[in-house]
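Undergrad: Dropping the structure in here first, questions after.
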Amino acid sequence: MKKLINSIKVVRINICVKLHMNGFTTLAYFVDKETCTYLDYLKRVARIVKEHCINESDD
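Numbering (our numbering), first residue to last: 12 to 70.
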């Protein structure tokens, strides 16, 4: 039973990631809010790092 629950969780995460990557963020939140919140966090961090690297290369 535990293996089935873990498999369902993995499927939900995969669906959420695919929806999120294709721009269906709101729909992805209905599938798995925790994963989508984490993905949003990663996107924000990546944006900040990218901006920082661009600013550093301008100096």
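Glycine is no exception: its CB is placed at the ideal position from the N, C-alpha and C atoms.
Treat the numbers as computed from the prediction; the structure is a model and nothing was measured.
Can you check which of these residues, 53, 12, 18, is closest to residue 31 by C-alpha distance?
TA: Nearest option by C-alpha distance: 53.
Undergrad: Check for me: the alpha helix (DSSP H) holding residue 17 runs from which residue to which?
TA: Here the alpha helix (DSSP H) through residue 17 covers 13–32.
Undergrad: Indicate whether residue 42 and residue 59 have their beta-carbon atoms separated by less than 8 Å.
TA: In this structure, residue 59 does not lie closer than 8 Å to residue 42 by Cβ.
Undergrad: Measuring CA to CA, which of 50, 39, 35 is closest to residue 83?
TA: In the structure displayed, the chain extends from 12 to 70; residue 83 sits before or after that span and is not available.
Undergrad: Which of the three DSSP states is assigned to residue 43 in this structure?
TA: Note: residue 43 maps to coil in three-state DSSP.
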